[in-house]
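What follows is one structure encoded as structure tokens, with my remarks underneath.
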Amino acid sequence: MASIGWSDQNYWTDECRAGDDGRVSTDPTFADVRRAAEVVARTLPPTPLQGHPLLDLSLRERGLATSVLVKHEHVLPTGSFKVRGGVHLAATLTPAERAHGLVTCSTGNHAQSVAYGARLAGVPATIVMPTSAPAVKRDAVAALGAEVVVRGTTLGEAAAAAREHAAGNGASFICPTDPRIVLGHATAYLELFEQAAAETPLSTLLVPFGSGTGAAGACLVRDALAPGCRVVAVQSDAAPAGWRSWRSGEIETAPATTRASGLATTTGYELPQRLLRERLDDFVLVSDDGIDEAARLLATRAHTLAEGAGAAALAGLLATEGLVGTVAVVCTGANASADEIARLAAA
Ligand SMILES: Cc1ncc(COP(=O)(O)O)c(C=O)c1O
Numbered sequence: 005m006a007s008i009g010w011s012d013q014n015y016w017t018d019e020c021r022a023g024d025d026g027r028v029s030t031d032p033t034f035a036d037v038r039r040a041a042e043v044v045a046r047t048l049p050p051t052p053l054q055g056h057p058l059l060d061l062s063l064r065e066r067g068l069a070t071s072v073l074v075k076h077e078h079v080l081p082t083g084s085f086k087v088r089g090g091v092h093l094a095a096t097l098t099p100a101e102r103a104h105g106l107v108t109c110s111t112g113n114h115a116q117s118v119a120y121g122a123r124l125a126g127v128p129a130t131i132v133m134p135t136s137a138p139a140v141k142r143d144a145v146a147a148l149g150a151e152v153v154v155r156g157t158t159l160g161e162a163a164a165a166a167r168e169h170a171a172g173n174g175a176s177f178i179c180p181t182d183p184r185i186v187l188g189h190a191t192a193y194l195e196l197f198e199q200a201a202a203e204t205p206l207s208t209l210l211v212p213f214g215s216g217t218g219a220a221g222a223c224l225v226r227d228a229l230a231p232g233c234r235v236v237a238v239q240s241d242a243a244p245a246g247w248r249s250w251r252s253g254e255i256e257t258a259p260a261t262t263r264a265s266g267l268a269t270t271t272g273y274e275l276p277q278r279l280l281r282e283r284l285d286d287f288v289l290v291s292d293d294g295i296d297e298a299a300r301l302l303a304t305r306a307h308t309l310a311e312g313a314g315a316a317a318l319a320g321l322l323a324t325e326g327l328v329g330t331v332a333v334v335c336t337g338a339n340a341s342a343d344e345i346a347r348l349a350a351a
């Protein structure tokens, strides 16, 4: 079986195109992450991994005996770590994808990432977004030159419409958990663990969870570079499909009413769940109010304006007792809507 790597010509994901053409492959590996990192580094700068003494002080005031390093992924173009997936995708498009263009579905940051990648590669992209996607994210996708189609109220409904659109137009549907996307996202964690190794060993890494691509990438890299570090996923209790799927070992669905649009998935996704099943150390749920509290701390103690999904990892830290040593959280995104910013300021 051929392994998936950025130089391979043909890709698919089991949940997206399985059975279409009988191609087989294996799951992404750490070696694939290293190759992806070389590709991504040609376009994107590394992001800082930083401590914030004032944030540490706030943790101590809450009785938490850890210091925290924040990986500032929100400073990337498009304002989120997801752009790494789009950049990697752009370098690994198949001839058919180049010829007929891309279609995907997203509540916002995967959308911007694919739009960014499509622009890099010079191919057309159509992004199907549900009505629940914030207007600021729809505008950002359009500003990157992609066509925005608004369909359905949830990500699940938008996904069905995106597949239909792709089938009707001969374009390629890009699943949000396409292995090329997972590998692109994983490069954030290669960077993080290499940066941490130069500073201090990490006891725990907290990662926000929507579809699970970031958490899966984190575990792949942790296994290779920092086996002593626990990886903990954090999802909103108002969108627990990924949490339920990980706990049961089956793909499960759940309503997604969370205010954190980046976490608003309604189903578990096969590839990340498979990668995480044996690797992820723990998975915690946090409330949307807890996410807001974390976002306020980032804004006032770490000069970082995060969107809800970007603050979720810190919310997971605040909700977990017994953490020790140095903990890392990933601030994955900064695309907060005006409403979100006003809510943070109002408290
Ligand atoms: C800012 C942000 N953080 C975290 C996530 C969750 O990432 P994943 O879908 O890889 O679990 C998303 C998903 O879109 C996001 O936009």
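Going from the sequence shown to this note's numbering is simple: count from 1 and add 4. Ideal Cβ positions, reconstructed from N, Cα and C, are used throughout, including at glycine.
- In the displayed model, arginine 155 falls within coil according to three-state DSSP, outside both helix and strand.
- Exclusion of the five residues before and after leucine 148 leaves Ala119, Tyr120, Arg123 as the residues of its chain whose Cβ lies within less than 6 angstroms of its Cβ.
- Remark: fewer than three beta-carbon pairs, one from each stretch, lie closer than 8 angstroms, so the stretch 322-329 and the stretch 81-97 are not flagged as touching.
- Spatial neighbours of threonine 257 in its own chain (CB-CB distance under 7 angstroms, excluding positions within 5 residues in sequence) are listed in chain order as Ala245, Thr270, Thr271.
- Rounded to the nearest whole angstrom, the CA to CA distance from leucine 224 to arginine 283 is 8 angstroms.
- Exclusion of lysine 75 from the 7 angstroms shell around ligand 1 follows from its C-beta lying no nearer than that to any non-hydrogen atom of the ligand.
- The closest heavy atom of ligand 1 lies 7 angstroms or more from the beta carbon of alanine 192.
- Taking 3 residues as the shortest admissible run, the stretch 106-171 contains the following complete beta strand (DSSP E) segments, listed from N- to C-terminal end: 106-109, 129-133, 151-154.
- When DSSP states are grouped into helix, strand and coil, alanine 340 belongs to the coil group.
- Judged by DSSP secondary structure, arginine 305 falls outside any beta strand (DSSP E) and instead within the alpha helix (DSSP H) spanning 292-305.
- Spatial neighbours of leucine 321 in its own chain (CB-CB distance under 7 angstroms, excluding positions within 5 residues in sequence) are listed in chain order as Val72, Leu210, Leu327, Val331, Val333.
- Burial check for threonine 204: the Cβ neighbour count within 10 Å stays below 16, so the residue is exposed.
- Under DSSP, valine 235 shares a beta bridge with Leu209.
- Taken through DSSP and simplified to helix, strand or coil, serine 215 comes out as coil.
- Annotated three-state conformation of cysteine 223 is helix, per DSSP.
- With at least 16 other beta carbons inside 10 angstroms of its own, glycine 314 counts as buried.
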